[in-house]
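Residue numbers (mature numbering (1 follows the signal peptide of the UniProt record, and there is no 0)): -18 to -1, 1 to 147.
Ideal Cβ placement from N, Cα and C applies to all residues, glycine included.
Structure record follows, encoded as structure tokens.
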Amino acid sequence: DAGRLVVVGAGLLALACAQCPEVEKVVGLDIDPENVRCSRANAERNHLSHKASFFVADSYDVLDKEARKAFESEFAAADDDDDGTVKFDFIVANPPASDLASSDGFDFRREVLRGAASRLKPGGFVVMQALSYYGQHRMANAAPPHYRYCGVVTATPWVDLWTDA
């Protein structure tokens, strides 16, 4: 049972996850309001609005105060933190590459992984897309120390998988 899932970066990935019968609920988070608007429209067109919700957010932080209340209300569960932090079974991310001229291209991926620590249920997973030219060594080193790097998923050489240890 996949349970509750958050997708960092709204869009097709969130809708694909929502189509899985094992997935209870999907939330898509994206910093671009137009991406969120299109994702909501696509969810409606594909009869997935009951399973997929989308919010404008910077990484995991829903930006609009009223939308944040709706997010917390919609996704609140008994096993969430006392401070109201919503917990998820899975976090899926297809983050854009960071500026390679000023970094190693993993800045936002590291941000997603750091933020996941407080938002994953025990035993939860982070699945993150990365192009194969980044290399497995760089992917393994991007994970914070409390994560266990599980390696490349065999379905594609682009996806790596972490789990909270």
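For residue j and residue i, the rounded distance between their alpha carbons
{"i": "N123", "j": "R101", "result": "21 angstroms"}
{"i": "W140", "j": "F88", "result": "Caution applies to W140, whose pLDDT of 47 falls short of 50 and renders its modelled position unreliable; the value that the coordinates give is listed next. Answer to the nearest angstrom: the Cα atoms are 14 angstroms apart."}
{"i": "K51", "j": "C132", "result": "34 angstroms"}
{"i": "P77", "j": "P126", "result": "17 angstroms"}
{"i": "E48", "j": "N28", "result": "26 angstroms"}
{"i": "E56", "j": "A(-5)", "result": "17 angstroms"}
{"i": "R1", "j": "H128", "result": "Correcting the residue identity first, residue 1 is Gln in this sequence and not Arg. Roughly 31 angstroms separates the two Cα atoms."}
{"i": "C(-2)", "j": "V8", "result": "7 angstroms"}
{"i": "R22", "j": "G97", "result": "24 angstroms"}
{"i": "C20", "j": "I13", "result": "13 angstroms"}
DSSP state of residue i mapped onto helix, strand, coil
{"i": "A99", "result": "coil"}
{"i": "D86", "result": "coil"}
{"i": "S55", "result": "helix"}
{"i": "C132", "result": "strand"}
{"i": "V9", "result": "strand"}
{"i": "V44", "result": "strand"}
{"i": "S35", "result": "strand"}
{"i": "Q118", "result": "helix"}
{"i": "P104", "result": "strand"}
Closest by C-alpha distance to residue i, when choosing among the options
{"i": "V18", "options": "A98, A34, E93", "result": "A34"}
{"i": "V108", "options": "D40, R120, A75", "result": "A75"}
{"i": "R130", "options": "T67, G10, L95", "result": "L95"}
{"i": "Q111", "options": "K103, V9, F90, A99", "result": "F90"}
{"i": "V5", "options": "H32, D12, E26, N24", "result": "H32"}
{"i": "R92", "options": "E16, K103, S41, V9", "result": "S41"}
{"i": "M121", "options": "A99, G106, D86", "result": "D86"}
7 angstroms Cβ cutoff met for residue i and residue j
{"i": "V38", "j": "L45", "result": "yes"}
Inter-residue CB distance, residue i and residue j (contact presumed, cutoff 8 angstroms)
{"i": "F70", "j": "G105", "result": "Not confirmed; about 12 angstroms, so no contact."}
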